[in-house]
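S.K.:
In our numbering, the protein residues as written are 5 to 236.
1. Tell me which residues share the same chain as residue 111 and place their Cβ nearer than 7 Å to its Cβ, disregarding the 5 neighbours each side in the sequence.
2. In chain order, what residues of the same chain have a beta carbon less than 6 Å from the beta carbon of residue 155, not counting five sequence neighbours either side?
3. If you draw a straight line from the C-alpha of residue 200 to the C-alpha of residue 114, how long is it?
4. Using the C-alpha atoms, what's the distance from residue 136 back to residue 196?
5. Where residue 19 and residue 186 are concerned, what is the direct C-alpha to C-alpha distance, given to the nearest angstrom?
6. Whole-angstrom Cβ separation of residue 82 and residue 101, contact assumed at under 8 Å?
7. When the Cα atoms are used, what is the spatial distance from residue 168 to residue 228?
8. To which residues of the same chain is residue 8 closer than 6 Å at the C-beta, ignoring the five residues directly before and after it?
9. Is it true that the CB of residue 36 sits closer than 8 Å to the CB of residue 223?
10. What's the call for residue 183, buried or exposed, on a 16-neighbour Cβ count within 10 Å?
11. Hey, quick one: how far does the alpha helix (DSSP H) through residue 74 stretch, first residue to last?
12. Secondary structure at residue 123, three-state DSSP: helix, strand or coil?
13. Along the chain, which unbroken stretches of the alpha helix (DSSP H) at least 4 residues long are found entirely within the segment 170 to 234?
14. Judging by CA-CA distance, which residue of 192, 180, 139 is the nearest neighbour of residue 204?
15. With 16 other CB atoms within 10 Å as the buried threshold, where does residue 72 fall?
16. Residues in the same chain with beta-carbon distance under 6 Å from residue 106, minus the five sequence neighbours each way, listed in chain order, please.
17. Just verifying my parser: in three-state terms, what is the DSSP assignment at residue 114?
18. If you drop the 5 nearest sequence neighbours on each side, which residues of the same chain put their C-beta closer than 7 Å to that of residue 17?
19. Tell me which residues share the same chain as residue 99 and place their Cβ nearer than 6 Å to its Cβ, disregarding the 5 neighbours each side in the sequence.
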């Protein structure tokens, strides 16, 4: 159950992460180097992470990279979200996504520079279009670590753990988002369209509880994440 007393402090959220497999990230780096040495942002990101691989990679690590280099931050966000290097050992699609790091940076810049704030769903749709197979669970992380300001509020992580916690909740805090996600077990195609309502409802609840929106998001993640997954 989501409760104000169970929220992590912001310092704990900055330290939130999981141990990563250094050997897998070296595969990514070698893939990029073999493909084209011009993928500088992704290479720089992987070099930065190589110094801490094997230990826990935190949200603060990613923010530190993204604050200096938006494109490298996009690659770092992908790395942070997949401690094992990909889904069930499939590392190459993610290495291919790193090849698009500069493009992610361009899309982020376009959203930031828009004359009026872009909606959350539109922002994700633009980021989703960069690399086939890299969807909202990852692109919401890219948006979050880029500090993207969206029409509904600040970008937040919106992955399967957050969504499952919302779908299984009983309260009114995320009533619109839960309705947008539907009742079935399949929600992937509803993730991007429901992102705006999630941010809006997280903003409303954060104001009501006088906390940061990312504290709400992290609490939802913890409600659903497998305790054996290594995230803490």
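Every residue gets a Cβ at the ideal spot worked out from N, C-alpha and C, and that includes glycine. The model shown is predicted, which means the values in this text are computed figures rather than measured ones.
M.R.: The structure says:
1. 130, 131, 134
2. 121, 123
3. 19 Å
4. 14 Å
5. 33 Å
6. 6 Å
7. 6 Å
8. 213
9. no
10. exposed
11. 74 to 85
12. coil
13. 179 to 185, 192 to 213, 217 to 228
14. 180
15. exposed
16. 45, 75
17. helix
18. 63, 218, 219, 222
19. 32, 35
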